[in-house]
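Some notes on the structure that comes next.
In the numbering used here, the protein residues as written are 1 to 147.
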């Protein structure tokens, strides 16, 4: 067991759950604040691929947010802020089209998809074909009842 990996997994789960809640709040207020802007922390630790996302402005219903809503990597510190119409100018689609794709593990919106980890991409949830039967049976572990 590695303390750094454990902390990173914790931070990632926390950031996805925060993002899911944030998305629900944005949706509740989208009639007042229909624009979202992607923001990095802006320090020297920001990853190059996240730097390219900094300042992007799109409508809340734009498909951009289904893939690029943070976190977009382990220990991602990026954020999204909501704004009124007319406050900001939209980022041209030509810029959006040139962006690098987000790693499959992070290419979803936890608030839209209602998940914290992508079952198809997360390495802890991927199993070899020979274990898929066991996976469907939760490897023999008890499954908590759904509320």
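Using N, Cα and C, we set each Cβ at its ideal position, and we do this for glycine too.
Does DSSP classify residue 6 as helix, strand or coil? helix
Can you tell me whether residue 50 is buried or exposed? The criterion is at least 16 other CB atoms within 10 Å of its CB, across all chains shown. buried
What number of angstroms, rounded off, separates the C-alpha of residue 71 from the C-alpha of residue 65? 11 Å
By Cβ distance, which residues of its chain are closer than 7 Å to residue 47, with the 5 residues on each side in sequence left out? 73
For residue 16, collect the residues of the same chain with a Cβ closer than 6 Å to its Cβ; drop the 5 residues on either side in sequence, then sort them by chain order. 110 and 116
Going by beta-carbon coordinates alone, are residue 54 and residue 42 separated by less than 9 Å? yes
Using only CA atoms, which one of 89, 75, 88 and 142 lies nearest to residue 13? 75
Which of the three DSSP states, helix, strand or coil, is assigned to residue 81? strand
With C-beta atoms as the reference, is residue 34 less than 9 Å away from residue 60? yes
Compute the distance between the beta-carbons of residue 67 and residue 37, then report whether it is under 9 Å. no
Per DSSP, which residues does residue 38 bridge with? Please list them. 80
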